[in-house]
Amino acid sequence: AEAADYGIHPALLDAALQPLGLGLLLAEPGEGMTRRPFAWSGVTLHAQGAVAGRVRIALAGEDAVSVTVADPAGRPVASVDVLTLRQVAAKQVAEARSDSLFRVEWVPVAVSRSSAPAGRWALIGSGNGSGSGSSSGHGDVDVHEDLGSLAAAAGPVPELVFAPFPDAAESTDITDSAIASDAVRRATHRALDLVQAWLADERFAASRLVILAGQGLAGGPVWGLVRSAQMENPGRFVLIETGGSGDAEPDGELLAAAAVGDEPQLRLDGGEFCAPRLVRVPWPDAAGPGFGAEGTVLLTGSSGGLARLLARHLVAERGVRNLLLASRSGAAAEGMPKLVAELTGLGAAVEVAACDVADREALAGLLAAVPAERPLSAVVHTAAVLDDGVVEALTPERIDRVLRPKVDGALNLHALTEHLDLSAFVLFSSLSGTLGGAGLANYSAANAFL
Ligand SMILES: NC(=O)c1ccc[n+]([C@@H]2O[C@H](COP(=O)([O-])OP(=O)(O)OC[C@H]3O[C@@H](n4cnc5c(N)ncnc54)[C@H](OP(=O)(O)O)[C@@H]3O)[C@@H](O)[C@H]2O)c1
Numbered sequence: 362a363e364a365a366d367y368g369i370h371p372a373l374l375d376a377a378l379q380p381l382g383l384g385l386l387l388a389e390p391g392e393g394m395t396r397r398p399f400a401w402s403g404v405t406l407h408a409q410g411a412v413a414g415r416v417r418i419a420l421a422g423e424d425a426v427s428v429t430v431a432d433p434a435g436r437p438v439a440s441v442d443v444l445t446l447r448q449v450a451a452k453q454v455a456e457a458r459s460d461s462l463f464r465v466e467w468v469p470v471a472v473s474r475s476s477a478p479a480g481r482w483a484l485i486g487s488g489n490g491s492g493s494g495s496s497s498g499h500g501d502v503d504v505h506e507d508l509g510s511l512a513a514a515a516g517p518v519p520e521l522v523f524a525p526f527p528d529a530a531e532s533t534d535i536t537d538s539a540i541a542s543d544a545v546r547r548a549t550h551r552a553l554d555l556v557q558a559w560l561a562d563e564r565f566a567a568s569r570l571v572i573l574a575g576q577g578l579a580g581g582p583v584w585g586l587v588r589s590a591q592m593e594n595p596g597r598f599v600l601i602e603t604g605g606s607g608d609a610e611p612d613g614e615l616l617a618a619a620a621v622g623d624e625p626q627l628r629l630d631g632g633e634f635c636a637p638r639l640v641r642v643p644w645p646d647a648a649g650p651g652f653g654a655e656g657t658v659l660l661t662g663s664s665g666g667l668a669r670l671l672a673r674h675l676v677a678e679r680g681v682r683n684l685l686l687a688s689r690s691g692a693a694a695e696g697m698p699k700l701v702a703e704l705t706g707l708g709a710a711v712e713v714a715a716c717d718v719a720d721r722e723a724l725a726g727l728l729a730a731v732p733a734e735r736p737l738s739a740v741v742h743t744a745a746v747l748d749d750g751v752v753e754a755l756t757p758e759r760i761d762r763v764l765r766p767k768v769d770g771a772l773n774l775h776a777l778t779e780h781l782d783l784s785a786f787v788l789f790s791s792l793s794g795t796l797g798g799a800g801l802a803n804y805s806a807a808n809a810f811l
C-alpha cells in the first residue's frame with residue numbers, strides 16, 4: 362500500500378520496533394514469556410508518508426524504551442517518549458485468536474407456570490374475529506382483530522398482548538428469488554407496522570407485546586427487526602418461537618409465564634423454553650475452504666472497505682489468481698484503479714464490473730461473461746447499504762433499501778450459482794443481525810436473513 366495513505370505506515374512502525382526482539386537492550390523475557398507493547402506516551406508524528414526510516418531506541422525505565430524515527434536524511438518522522446512493554450505468556454498470545462469465534466446456542470431456561478400473571482391477556486391478528494373467550498385453549502384470552510380494535514376496546518390494555526405471526530413460519534423455496542424476496546418483504550413490513558403501532562399508542566405503554574414468530578426464511582428478518590426494537594425499547598417486546606416438535610397447540614399460560622420474565626427471546630420446544638446465548642467456538646485447525654486458484658472468485662460490494670481488505674487477503678494469502686470485483690459503481694468507485702493496480706502487482710488478473718447484484722438479470726449477465734477457462738470457483742458477498750434510524754422513523758421503503766443488497770443479492774447469487782461446483786459461498790452478515798442494535802432495525806433484519 363502507499364505510505365502516503367498513512368501518518369506512518371504500519372509496516373514501517375512495526376519494523377522500527379523489531380530490534381526490541383533482539384534482546385540487546387532489555388533483558389531476555391522469562392521462560393515461555395514474550396514482550397508486547399503495553400502503553401505509549403508522548404507520541405508525536407513529525408512528518409507523514411515516510412517510506413524508510415532510521416530508528417533510535419533507548420532505555421526509558423524498566424521494560425520501557427523511547428523511540429525516535431528519522432527519514433534517511435535525518436529529518437524527524439516520529440517520536441515516542443515512553444513505550445512501556447509488558448511480559449505475557451507466549452502461549453496466551455498464540456491462543457488469543459482462538460477466543461474470537463462465536464455462535465448462538467439455545468440453552469434451556471426455567472419457566473414456572475406459576476409466574477403467569479393473573480387476569481386476562483389479549484391475542485391479536487388471529488383471524489378469528491374479535492370477542493372474548495378462549496379461542497385456543499388459553500383460558501383468559503380476549504381475541505382482537507388488530508391493535509386498533511384492542512385499543513378501542515373497553516378497559517385497560519392487558520399486561521400481555523400476543524401477536525402470532527404466521528407469515529414468518531412459512532418456509533419458501535429460496536430458488537425462486539422473486540417469491541422468496543417478496544415473502545421476506547411482506548413479513549418484515551408487517552413486523553414494522555406492528556412494532557410502530559405498538560410504540561405509537563400511549564394506551565399500550567404499560568403492556569408487553571409478545572410476538573410469536575418462527576425463524577424460517579421470512580421469520581429471520583422479523584426477529585432481526587424486533588431485536589433492534591427491543592434494544593431501543595427495553596421491556597416492550599418479547600419474541601417467542603413456538604411450533605417445535607410436540608407444541609402443536611401452544612400452552613397460553615406457559616407462554617404468559619415466559620413472556621413476563623427477563624428473557625427477551627425464547628424458543629419453546631417440547632414444552633421446554635430455551636434462550637439464545639453466544640458461546641465460544643474453537644478456532645478450526647484447518648485453513649478453511651479453498652477459493653480455487655484456477656477459477657474466478659466473485660467479490661460483491663467490492664468498492665466497500667472490508668471488500669478491499671478481503672481482495673488483498675484472497676490474493677496475497679489464499680492464492681486467488683482471478684478476481685471479479687462487482688459493485689454498483691464498478692470501476693468508477695473511488696480508489697478502484699489503485700486497488701486494481703495493487704492486486705495486479707500481487708499477481709492477480711482483476712476484472713471490475715458495475716453490477717447491482719439485486720438485479721437478477723444484470724447479475725446473470727455478469728456471471729455469463731465469466732470465461733469458461735476460468736469458471737466461477739467462489740462467491741464472497743459483502744454488498745450492503747445502510748439507512749439507519751430508530752424503528753419509529755423507518756418506512757417500508759427504508760427497509761427495502763437495506764434488504765435489497767443483502768436479501769435479493771444473496772437470493773440471486775444462490776439461485777444463479779447453485780448448479781455450479783463452488784468451493785466457497787461466503788455471505789457477510791453482521792453481529793447486529795444476531796444481537797440487534799439501536800437505530801439498526803432494517804440492517805438487523807437484512808443481516809438476520811443471511
Ligand atoms: N464494517 C464493519 O465494521 C462491518 C461489521 C459487520 C458486518 N459488516 C458487513 O460486512 C460487509 C462489508 O462491510 P463494509 O463496511 O466494508 O461495507 P461498505 O464499505 O458500506 O461497502 C459495501 C459496498 O457494497 C456495495 N453495494 C451496495 N449495494 C450493492 C448492490 N446492490 N450491488 C452491488 N454492490 C452493492 C456498495 O458499493 P456501490 O455503492 O458502488 O454499489 C458499497 O461500497 C457488509 O455486508 C456489512 O454489512 C461490516
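Residue numbers for the sequence shown follow our numbering, beginning at 362 and rising by one.
We treat Cβ as the ideally placed atom computed from N, Cα and C, and that holds for glycine.
| Asked | Found |
| --- | --- |
| Return the CA-CA distance between Pro645 and Gly651, expressed in angstroms with no decimal places. | 14 Å |
| Please classify Ser784: does DSSP put it in a helix, a strand, or coil? | coil |
| Helix, strand or coil for Gln576? Go by DSSP, reduced to three states. | coil |
| Going by the C-beta, is Leu589 closer than 8 Å to any heavy atom of ligand 1? | The sequence shown places Ser at residue 589, rather than the Leu named in the question. Answer for Ser589: no, Cβ out of range of ligand 1. |
| CB-CB under 6 Å to Ser491, same chain, minus the five flanking residues each way: which ones, in chain order? | Unreliable placement is indicated for Ser491, whose pLDDT of 43 sits below 50; the coordinate value is still reported in the next sentence. Answer for Ser491: His505, Glu506 and Ser510, listed in chain order. |
| Pick helix, strand or coil for Arg415, following the three-state DSSP scheme. | strand |
| Which two residues bound the contiguous beta strand (DSSP E) that contains Trp401? | Met394 to Leu406 |
| For Arg417, collect the residues of the same chain with a Cβ closer than 6 Å to its Cβ; drop the 5 residues on either side in sequence, then sort them by chain order. | Thr429 |
| Could you give the distance in angstroms between the alpha-carbon of Val658 and the alpha-carbon of Ala702? | 17 Å |
| Taking its Cβ as the centre, do 16 or more other Cβ atoms sit within 10 Å of Ala802, making it buried, or is it exposed? | buried |
| Does at least one heavy atom of ligand 1 sit under 8 Å from the Cβ of Ala694? | yes |
| Out of Asp562, Asn683 and Pro698, point me to the one whose CA is closest to Ala709's CA. | Asn683 |
| So, Leu560 versus Glu758, is the Cβ gap smaller than 9 Å? | no |
| Of the residues Gly391, Ala729, Leu387 and Ser793, which one's Cα is nearest the Cα of Glu593? | Ser793 |
| When DSSP labels each residue in this structure, what does Asp646 get in the three-state scheme? | coil |
| Give me the DSSP bridge partner(s) of Ile601. | Leu573 and Leu627 |
| Between the C-alpha atoms of Gln379 and Ala648, what's the straight-line distance to the nearest angstrom? | 28 Å |
| Give the single residue among Glu695, Pro698, Asp748 and Glu655 whose Cα lies nearest to the Cα of Ala733. | Glu655 |
| Take every Cβ of the segment 593-604, pair it with every Cβ of the segment 564-573, and state whether three or more of those distances are shorter than 8 Å. | yes |
| Taking only the alpha-carbon atoms, compute the straight-line gap between Gly410 and Asp432 and give it to the nearest angstrom. | 10 Å |
| Looking only at C-alpha atoms, which of Ala739, Val746, Leu788 and Ala694 sits nearest to His780? | Ala739 |
| To the nearest angstrom, report how far apart Ser475 and Ala618 are at their CA atoms. | 7 Å |
| Between the Cα of Leu783 and those of Ser790, Ser791 and Leu774, spot the shortest distance and give me the residue it belongs to. | Leu774 |
| Tell me, to the nearest whole angstrom, how far the beta carbon of Trp467 is from that of Pro637; I am working on the premise that it is less than 8 Å. | 6 Å |
| With burial defined as no fewer than 16 other Cβ atoms inside 10 Å of the residue's Cβ, what is the status of Leu667: buried or exposed? | exposed |
| Cα separation between Ala725 and Gly577? | 27 Å |
| Helix, strand or coil for His674, going by three-state DSSP, please let me know. | helix |
| For Arg679, which residues does DSSP report across the bridge? | Its beta-bridge partners do not exist; DSSP assigns none. |
| Can you tell which of Val642, Ala400 and Leu747 has its C-alpha closest to the C-alpha of Leu462? | Val642 |
| Comparing the CB of Asn803 with every heavy atom of ligand 1, is any distance shorter than 8 Å? | no |
| Mapping DSSP to helix, strand and coil, what is Gly480? | coil |
| Return yes when the C-beta of Pro766 is under 8 Å from any heavy atom of ligand 1, and no when it is not. | yes |
| For the structure I just gave you, are there three or more beta carbon pairs, one from the segment 444-452 and one from the segment 477-486, closer than 8 Å? | no |
| Among Pro736, Phe565, Asn808 and Leu788, which one has its Cα closest to the Cα of Asp761? | Asn808 |
| What did DSSP end up calling Phe463 once you bin it into helix, strand or coil? | strand |
| Check whether the Cβ atoms of Gly797 and Val587 lie closer than 9 Å to each other. | yes |
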